[in-house]
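Protein chains in written order, with our numbering: chain A, 2 to 386; chain B, 2 to 386; chain C, 786 to 972; chain D, 786 to 972.
Rendered as structure tokens:
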């Protein structure tokens, strides 16, 4: 009966096969066992610092091992529109701020924060954000931020009126929103507060009370010359000071540790000679920092409109001495840069469809990971703490 | 003031430019006018028969001009999961059966039919399908069908229990569902009814009453030898008779005109010689028809597992005489085939990332359209009537 | 809801729930008796498999080997022997494995099956292709092999269906390939 | 809801609603006075534009020319002069045109603007980049040019924002490029 079916199925091949069987059967007397205990993978409670979240702006997020030659994908999180990520280290939770419509590209809009269990990647909960006002743009730093030691999250809203929605991540509910007219993006300030960059060239700082309401506001002097040499909104935090590079190659430090920010003196990343060779910061996530140093994506022969083009080099600065320590030539032009955390940091550079991993000390390429194609070509790299 | 801003912006370039200005200004004394009356495009009430809907199984649908060398894209419709299309010619409406979840890949499931206005492509209405039971699979013929002169639509459900949801497209509401245990897909039968292919090798036919309820059932004799030479579920309708090719190269005609189907004698598409050369139908949408003839995608040296691989030739048959009229060599292997309607039909063949347009008479390639990449690589072509 | 088709139920539920070799034989016997014969395929398809091997979303994932000479091949590649009848994305490329779903997804208890030949021991194994559901699917490691695939009229051997049933979400993510047992005794 | 930022409102609403050359000058003047100077760019970026010209989704769409020698270039290509500050997909590839949205979408009345140089008449034109919203976006004819783009701190000259406001859906589809007027009088 069985054989007759075989013959019906594929008559020609049988003869040959039966011969082959005789030949090989002896090598493996017992068949492979049935697979039992098939399951769903889970992740360690504490991720290795050699892992990084890759936010493919803005519809998918990938957790990837960048520290081993296995280069393996650990997990994916779904994004829909301008999805942005916060990874807690106080709680085993991951937060994704996102926007959907009930019928895909149309229907009822819902802005929401998904809370993922960091070990199972299952959805633990979600927090719906009111008003349909979450800012929709290519995923970038400043759209979604922690404050108050990760108890609160801040969501940048843009309608195009600007505001910030304050969310309690522990109680998992929205506390309210705060208008920031003419200002954009949110950066944590002090113990419980945030600062935002204003179109008047100033920084507005808002101190929050326990309930997440505005307890005080202060606006800095103007320091951001939007007409002549505006700051990128990408920044690096070193020792509580946030460093914003400018389109033409200055860096603007701002001390964010106190309730009011301190705008520190800016300094040049480029010498006069380098300036005339038009060396400028360039890319998407253009600057990164470790405990001590700044790493800036730099491009020669820059001109109007090239400020988001991939960069050829990474320049390493010591902000304490304002000295450049070294220049690193990239094996291929890169758009986003980050440093992994932990004892032996790695320099991560997104270069088109590849993520190149360099030694930040010696600048040699350690490994290169192939990425999936995506439309924006923009990425935000968030190494695991 | 204005000039000073220019200089601040890009000092270097000005000199050169002002010179250029002098040089060219004379040629075009008046500047281009401002664009007024910017608008949203609309489509003609009656589409030209040289247009075709391309269903990129299963998340997007494109309306494309295949009959002109402009090859232009006319419109897109969004799909999400296993989206399938019906284009009415009784009403200026387009119907897409689709499934979404409230949070993209998770959350509350909604099966629904979107009704588009054919001229504006705006959403005229939607009909939500109950039970979350719509069959989810690579888009194929038989998942979504008209009956009763386009008054009713039939949606194939699979949970994996099989049923059919009956929808009134004019009143825009669901009328009910009908179980079809062990059977799959829906094909219109008679004036108001449908047939479905059963795992016992038979065809079950259900006649519907005015209200869309089952008014009668009849099951044909077994004609579909699933163990030895099953029929593809892709078919072509010629003169009210539906032709299903089989994996090994027969064709099974079924007369669908009456309330009960007539299973007509099958006949071979391949000669004995061709059979031993293993010429077989192969592809996704493997067969097409015009008023008189059948066009079948064929592949040589076929073997177990190659039945969905791209085919090298299109064979043209006259079902009346069961004679093959000609063989057409494809410039590149094709997976889906269709014929445009109207006076001078075109043979459309999806071949990987291209849609090749042939003259069905002489087999010459008229033009080739580049398609967008998509994951399934499967396409259902639905030329405009 | 529509009543459950008996044959389909026995085939699907049966294959999904049991995994010992012996029981596979009995299921197989039952199916043969029930005239729903599985295609028994002497030769695995081999390298000419994956039609989407040049898929732009495939990404570069490291090779994954069993280490067991009796189970050869890279489980992230479409030509791995167990994938002879798969149509979908390989979970091995998404943080899952040949037998496990990626984090945050759910394995469907209901499945479709194929029969693949192990090139090492020349045995035919019945493979259960379980879909993982509710996660992100973007076509990485897309793989379309159709050995033993049959039209949807016989659902349990069709690989076009999204086999996400009894899961919270029916949205497809990727597919694993579990050995249920040997299809035919060799003697 | 949060109160409307005055400057932004004047810039966005102003540019969106008015289209005559004369009024553009007055708006421009107003903005300059308001210290929100538009970058006025003497030279259009030209062919080195579209960083995504090898985008796999670009598809093959026919070239679209104005037929007017004073408005040269293929409107389906990223290096067409009006696209000097665009970041998005070109509506010309989706059933729209340089000035119209594809069927089934909605044009946002609020927009961002750039200044591009017309290589034919050497004039600088203020271009309104209106997003079309609520349709299917899959990256065909993706185009990223950033001449005149500035960080989001000055929204009206930033091309990363989804400019779908006052539309039924805020889901981005593609972008058109309308001439609002000439940026500077040449004499």
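C-beta: ideal position from N, C-alpha, C; glycine also.
Buried or exposed by the 16-neighbour rule on C-beta atoms within 10 Å, applied to residue i
| i | result |
| --- | --- |
| residue 350 (chain A) | buried |
| residue 842 (chain D) | Because the pLDDT at residue 842 (chain D) is just 35, under 50, the model does not fix this residue reliably, and the value given afterwards should be weighed accordingly. Burial call: buried. |
| residue 873 (chain D) | buried |
| residue 308 (chain B) | buried |
| residue 243 (chain A) | buried |
| residue 812 (chain C) | For residue 812 (chain C), the predicted structure reports a pLDDT of 30, less than 50, and the residue's modelled location is therefore unreliable. A value from the coordinates is still provided. Buried, since its Cβ has 16 or more Cβ neighbours within 10 Å. |
| residue 385 (chain A) | buried |
| residue 333 (chain A) | exposed |
| residue 240 (chain A) | exposed |
| residue 387 (chain A) | Examination of residue 387 (chain A) is not possible in this model, given that chain A is present from 2 through 386 alone. |
| residue 848 (chain C) | exposed |
| residue 814 (chain D) | Legend: pLDDT at residue 814 (chain D) = 28, less than 50; position of this residue unreliable, no value from coordinates given. |
| residue 890 (chain D) | buried |
| residue 134 (chain A) | buried |
| residue 955 (chain D) | buried |
| residue 104 (chain B) | buried |
| residue 844 (chain C) | For residue 844 (chain C), the predicted model reports a pLDDT of 45, less than 50, meaning its position is unreliable and no value from the coordinates is stated. |
| residue 126 (chain A) | exposed |
| residue 850 (chain D) | exposed |
| residue 934 (chain D) | buried |
| residue 214 (chain B) | exposed |
Span of the beta strand (DSSP E) around residue i
| i | result |
| --- | --- |
| residue 77 (chain A) | 74-79 |
| residue 210 (chain A) | Run containing residue 210 (chain A): none; DSSP gives neither H nor E here. |
| residue 164 (chain A) | 163-169 |
| residue 380 (chain A) | 380-384 |
| residue 149 (chain B) | Element bounds for residue 149 (chain B): n/a, residue is neither H nor E. |
| residue 296 (chain B) | 295-300 |
| residue 376 (chain A) | It is not in any beta strand (DSSP E) - residue 376 (chain A) carries neither H nor E in the DSSP assignment. |
| residue 906 (chain D) | Residue 906 (chain D) -> no beta strand (DSSP E), and no H or E assigned at all. |
| residue 332 (chain A) | 324-335 |
| residue 367 (chain B) | 366-371 |
| residue 219 (chain A) | 215-220 |
| residue 313 (chain A) | 312-319 |
| residue 355 (chain B) | 355-359 |
Opening and closing residue of the alpha helix (DSSP H) in which residue i lies
| i | result |
| --- | --- |
| residue 276 (chain A) | 273-277 |
Chain A contact residues for residue i, given Cβ-Cβ distances below 9 Å
| i | result |
| --- | --- |
| residue 961 (chain D) | Going along chain A, no residue has its Cβ under 9 Å from residue 961 (chain D), so there is no contact; the nearest lies around 18 Å. |
| residue 964 (chain C) | 32, 33, 34, 35 and 36 |
Proximal chain C residues relative to residue i, where beta-carbon distance stays under 8 Å
| i | result |
| --- | --- |
| residue 137 (chain B) | 946, 947, 949, 955 and 957 |
Contacts that residue i makes with chain A (C-beta to C-beta distance below 8 Å)
| i | result |
| --- | --- |
| residue 910 (chain C) | 32 and 33 |
| residue 915 (chain C) | 39 |
Distance between beta carbons of residue j and residue i, contact taken as under 8 Å
| i | j | result |
| --- | --- | --- |
| residue 870 (chain C) | residue 930 (chain C) | 6 Å |
| residue 171 (chain B) | residue 128 (chain B) | Between residue 128 (chain B) and residue 171 (chain B) the Cβ distance is about 11 Å, and since that is not below 8 Å, they are no contact. |
Cross-chain neighbours of residue i in chain A, by beta carbon under 7 Å
| i | result |
| --- | --- |
| residue 919 (chain D) | 106 and 107 |
| residue 937 (chain D) | 138, 185, 186 and 234 |
Within chain C, partners of residue i - CB distance below 9 Å
| i | result |
| --- | --- |
| residue 29 (chain A) | 854, 855, 903, 905, 906, 907 and 908 |
Listed by chain order, chain E residues near residue i by CB distance under 8 Å
| i | result |
| --- | --- |
| residue 141 (chain A) | No chain E appears in the structure shown, which is made up of the protein chains A, B, C and D. |
Residues, ordered as in the chain, of the segment 208-242 of chain A that lie near chain D by beta-carbon distance below 8 Å: Flagged, chain order: 225, 227, 228, 231, 232, 233 and 234.
Proximal residues, the segment 861-875 of chain D versus chain B, C-beta separation under 7 Å: Listed in sequence order: no entries.
Selection of the segment 299-315 of chain B by Cβ proximity to chain C, strictly under 8 Å: Residues of the segment 299-315 of chain B with a C-beta atom less than 8 Å from some C-beta of chain C are 305, 306, 307, 308, 309 and 310, listed in chain order.
Where the segment 67-86 of chain B meets chain D: residues whose CB sits under 8 Å from a CB there: From the segment 67-86 of chain B, only 70, 71, 72, 73, 74, 75, 76, 77, 78 and 79 have a Cβ closer than 8 Å to chain D.
Where the segment 102-130 of chain A meets chain B: residues whose CB sits under 7 Å from a CB there: Flagged, chain order: 103, 104, 105, 106, 107 and 124.
Interfacial residues, the segment 41-55 of chain A to chain C, with Cβ spacing under 7 Å: Here the close residues are 41, 42, 43 and 44.
Within 9 Å of chain D by C-beta, residues of the segment 357-385 of chain B in sequence order: Listed by position along the chain: 369, 370, 371, 372, 373, 374 and 375.
The segment 160-178 of chain A: positions lying closer than 8 Å to chain D by Cβ: Shown in chain order are the members of the segment 160-178 of chain A whose Cβ falls below 8 Å from a Cβ of chain D: 160, 161, 162, 163, 164 and 178.
Chain-ordered residues of the segment 324-339 of chain A with a beta carbon less than 9 Å from chain C: Per Cβ criterion, the list is empty.
Residues, ordered as in the chain, of the segment 923-935 of chain C that lie near chain B by beta-carbon distance below 8 Å: Residues 923, 924, 927, 929, 930, 931, 932, 933, 934 and 935.
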